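K.L.:
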Amino acid sequence: MRRRAYRWTTRQLTRLFFGEYEALANIGMTGMPNASRVWFLVAGFLARLAFLRVVRCEWIHFQRIPKGAVIIASNHVSSADPAMMASAMYPRSPRYMAKVELFQKEPVLGYLFALSGAFPVRRGAGDRLAIREAERLLSEGAAVGMFPEGHRSDTGAMMQAHSGTALLALRSRAPVVAVGITGSERMRAGWRALFARTQVRMTASHPFVVQPAGRRITRDDIDRAHTTIMRAIAEQLPPAYRGVYAHLVDDVDQRTDSEPTATETPTPQEPGART
Numbered sequence: 026m027r028r029r030a031y032r033w034t035t036r037q038l039t040r041l042f043f044g045e046y047e048a049l050a051n052i053g054m055t056g057m058p059n060a061s062r063v064w065f066l067v068a069g070f071l072a073r074l075a076f077l078r079v080v081r082c083e084w085i086h087f088q089r090i091p092k093g094a095v096i097i098a099s100n101h102v103s104s105a106d107p108a109m110m111a112s113a114m115y116p117r118s119p120r121y122m123a124k125v126e127l128f129q130k131e132p133v134l135g136y137l138f139a140l141s142g143a144f145p146v147r148r149g150a151g152d153r154l155a156i157r158e159a160e161r162l163l164s165e166g167a168a169v170g171m172f173p174e175g176h177r178s179d180t181g182a183m184m185q186a187h188s189g190t191a192l193l194a195l196r197s198r199a200p201v202v203a204v205g206i207t208g209s210e211r212m213r214a215g216w217r218a219l220f221a222r223t224q225v226r227m228t229a230s231h232p233f234v235v236q237p238a239g240r241r242i243t244r245d246d247i248d249r250a251h252t253t254i255m256r257a258i259a260e261q262l263p264p265a266y267r268g269v270y271a272h273l274v275d276d277v278d279q280r281t282d283s284e285p286t287a288t289e290t291p292t293p294q295e296p297g298a299r300t
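Numbering-wise, the sequence shown is residues 26 to 300 according to the working numbering.
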């Protein structure tokens, strides 16, 4: 048994160093093996301790995140955002899409990402393989993390996002929780930010479900769901962070009947959740 486990790890490491996209995707599709779970529990505990003691993290309303399948949609201002989200949800393991370049150009980092349950996505290419993998994970009751903007904002303000999160939410019918992140952009200063005890705040919305108007998902359905999700994220942020979606919050009281309604879902409390 030990020899087989060693061979499996060596084979996967070899594929990762060669940057084969299909091999990387297969790691996610086979589920999270025991080694990955151990890695996540250990690394997650250390990261959570660091974020609580070194960085001043405030996790607001995370008890709203339901058990079972859920899409966590968030703005993206720092490369530390996925780790902070995982720390906030610990010991639950959110599964994140990560740009394929991280796996191909940074093999060691890519291996650690794959070990923690991340799976690759080709940005701007309508990656059907990544969407199918996310659907599969949701069907198994996983939490899937998404950054609709696709990459970090240089200014901290929200940028124009892609529609992949909306499509996934419509196809899976999984509840969505919008999370607004502020303060983590200051962590780009490196070690100085750690010693300065950067204040980071993460605020979660109530879960909601977006649904198509008819039996088939149309472009209009995707656009409306996209608007609903991005509005929900913007509502968790102060005005300076809302960027191109600020008008959605300003017009929140002027929604028309043509806008999709976000159907809130019951929220069983996650053990250990913080308010």
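Even for Gly, the Cβ is constructed at its ideal location relative to N, Cα and C.
As the structure is a computational prediction, the values presented were derived from the model and not from experiment.
Give me the Cα-Cα distance between A199 and P237, rounded to the nearest whole angstrom.
P.N.:
Their backbone Cα atoms lie some 13 Å apart in a straight line.
K.L.:
At what residues does the beta strand (DSSP E) containing V202 begin and finish?
P.N.:
Unbroken beta strand (DSSP E) run through V202: 201-207.
K.L.:
Report all residues from its chain with a CB closer than 7 Å to the CB of I247; omit the five preceding and five following residues, and keep chain order.
P.N.:
Excluding residues within five positions, the ones whose Cβ falls inside 7 Å are S188, A191, L192, L195.
K.L.:
Residue ranges of each alpha helix (DSSP H) run of no fewer than 4 residues wholly in the segment 169-199, ordered along the chain?
P.N.:
Listed in chain order, the complete alpha helix (DSSP H) runs (minimum 4 residues) inside the segment 169-199 are 189-197.
K.L.:
Reducing DSSP to helix, strand and coil, say where Y270 ends up.
P.N.:
Of the three classes helix, strand and coil, the one that applies to Y270 here is helix, per DSSP.
K.L.:
Report yes if the C-beta distance between S164 and V202 is below 7 Å; otherwise report no.
P.N.:
Cβ distance not < 7 Å, so S164 and V202 don't count as in contact.
K.L.:
Can you tell me where the beta strand (DSSP E) with M329 in it begins and where it stops?
P.N.:
Nothing in the structure corresponds to residue 329, since the chain is present only between 26 and 300.
K.L.:
How far does the alpha helix (DSSP H) with R244 in it extend, from its first residue to its last?
P.N.:
That run of the alpha helix (DSSP H) goes 244-260.
K.L.:
Checking 7 Å against the spacing of the C-beta atoms, do I254 and V102 come in under that value?
P.N.:
Not in contact: I254 and V102 (Cβ atoms no closer than 7 Å).
K.L.:
Counting C-beta neighbours from all protein chains within 10 Å, is the total for P107 16 or more, i.e. buried, or is it exposed?
P.N.:
Its Cβ being crowded by 16 or more others within 10 Å, P107 is buried.
K.L.:
Less than 8 Å between the CB atoms is what I'm expecting for T223 and V204, so what's the real figure, rounded?
P.N.:
Actually they do not touch by this definition, with Cβ atoms about 18 Å apart.
K.L.:
Mind reading off the beta-carbon distance from M184 to G268? Whole number of angstroms is fine, and I expect it under 8 Å.
P.N.:
M184 to G268, Cβ: 6 Å. Contact.
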